[in-house]
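Enquirer:
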Amino acid sequence: MRKVILNLAISLDGLIEGPNGEFDWCFTDQDYGMTEFLESVDTIVFGRKSYELMLGFEADPYPGKHKYVFSRSLKTDAPQTNFVSGNVAEIINQIQQQPGKDIWLFGGADLTTAFLNANLINELQLSIHPIVLGQGKPLFVNIAERKHFRLINTKTYESGLLQAIYERIDAPLNNV
1 MRKVILNLAI
11 SLDGLIEGPN
21 GEFDWCFTDQ
31 DYGMTEFLES
41 VDTIVFGRKS
51 YELMLGFEAD
61 PYPGKHKYVF
71 SRSLKTDAPQ
81 TNFVSGNVAE
91 IINQIQQQPG
101 KDIWLFGGAD
111 LTTAFLNANL
121 INELQLSIHP
131 IVLGQGKPLF
141 VNIAERKHFR
151 LINTKTYESG
161 LLQAIYERID
171 APLNNV
């Protein structure tokens, strides 16, 4: 079955954007594995705000990828884009049953919370930037219960960025 992967940048203090929604603190001096990651997915899932943010940069964010935008209000024509609302788990389970590559959960925070609470995230790929923002939007809020993950890979860069990849597990690891 296709995996749902949350891949995003995060600060040392667990924030995904600054107090004014800015993400100028994210390193852009090199690829940091993004090209390889994009080759591994063919579907991207957005919340409305994240999708509208991406539209500010390009008319068709991530051309060639199929996009699903969870929104109760946004309904527009866009290439390879479906606007959906309703039960998140049912919609994602239907998408996972379709043939294809893995699925990138782009965000935002509310959609990430819904996915995590419904146990829909199979893998976390966190690019941890060596900065403390102090204020901003945290990655995880309103999580209903503990979620367990196992570290499966890391990569470090000279810039200080650390990529950590975790897979979801159904039971906690024994502390030995």
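Numbering follows the working numbering, with no gaps: position 36 of the sequence shown is 36. Glycine included, each C-beta is placed from N, C-alpha and C at the ideal position.
#1: Compare the beta carbon distance of G18 and G107 with 8 Å and say whether it is the shorter of the two.
#2: How far does the alpha helix (DSSP H) with K101 in it extend, from its first residue to its last?
#3: Please say whether I92 and T113 have beta carbons closer to each other than 8 Å?
#4: Taking the alpha-carbon of A9 as reference, which of L161, E145, R2 and E167 has the nearest alpha-carbon?
#5: Checking 8 Å against the spacing of the C-beta atoms, do L120 and A89 come in under that value?
#6: With a threshold of 7 Å on Cβ separation, who are the neighbours of L151 within its own chain once the five nearest residues in sequence on each side are excluded?
#7: Is it buried or exposed for S73, if we count other Cβ within 10 angstroms and need 16 for buried?
#8: For P172, I'd like the list of residues in its chain whose CB is within less than 6 Å of its CB, leaving aside the five on either flank, ordered along the chain.
#9: Rounding to the nearest angstrom, what Cα-Cα distance links G134 and K49 in this structure?
#10: Could you tell me if S178 is buried or exposed, where buried requires 16 or more neighbouring beta carbons within 10 angstroms of its beta carbon?
#11: Start and end of the alpha helix (DSSP H) containing N117?
#12: Distance, Cα to Cα, F57 vs N153?
#13: Where do the N-terminal and C-terminal ends of the alpha helix (DSSP H) with E52 fall, by residue?
#14: To the nearest angstrom, how far is it from the Cα of F83 to the Cα of K155?
#15: Taking buried to mean at least 16 other C-beta atoms within 10 Å of its own C-beta, is P130 buried or exposed?
#16: DSSP three-state call for I131: helix, strand or coil?
#17: What separation, rounded to the nearest whole angstrom, lies between the Cα atoms of D110 and E158?
#18: Pull up the distance between the alpha-carbon of M1 and that of F23, whole angstroms please.
Expert: With the given structure in hand:
#1: It is not a contact, given that the beta carbons lie outside the stated cut-off.
#2: Counting along the chain, no alpha helix (DSSP H) covers K101, and no H or E run does either.
#3: Contact: no.
#4: The shortest Cα separation from A9 among L161, E145, R2 and E167 belongs to L161.
#5: Yes, these two residues count as a Cβ contact at 8 Å.
#6: So the qualifying residues of the chain are A164 and Y166.
#7: In summary, S73 is exposed, with fewer than 16 beta-carbon neighbours lying within 10 Å of its beta-carbon over all protein chains present.
#8: Same-chain partners within the cutoff: H148.
#9: Using only the alpha carbons, I get a separation of about 22 Å.
#10: Because the chain spans 1 through 176 in this model, residue 178 falls outside it and cannot be assessed.
#11: Boundaries of the alpha helix (DSSP H) harbouring N117: A109 to N117, taken from the DSSP string.
#12: Pairing F57 with N153, the inter-Cα distance amounts to about 31 Å.
#13: Counting along the chain, the alpha helix (DSSP H) containing E52 begins and ends at R48 to L55.
#14: Each residue's alpha carbon lies about 35 Å from the other.
#15: That one is exposed.
#16: Coil.
#17: So the alpha carbons of these two residues sit roughly 32 Å apart.
#18: When rounded, the distance between both Cα atoms is 32 Å.
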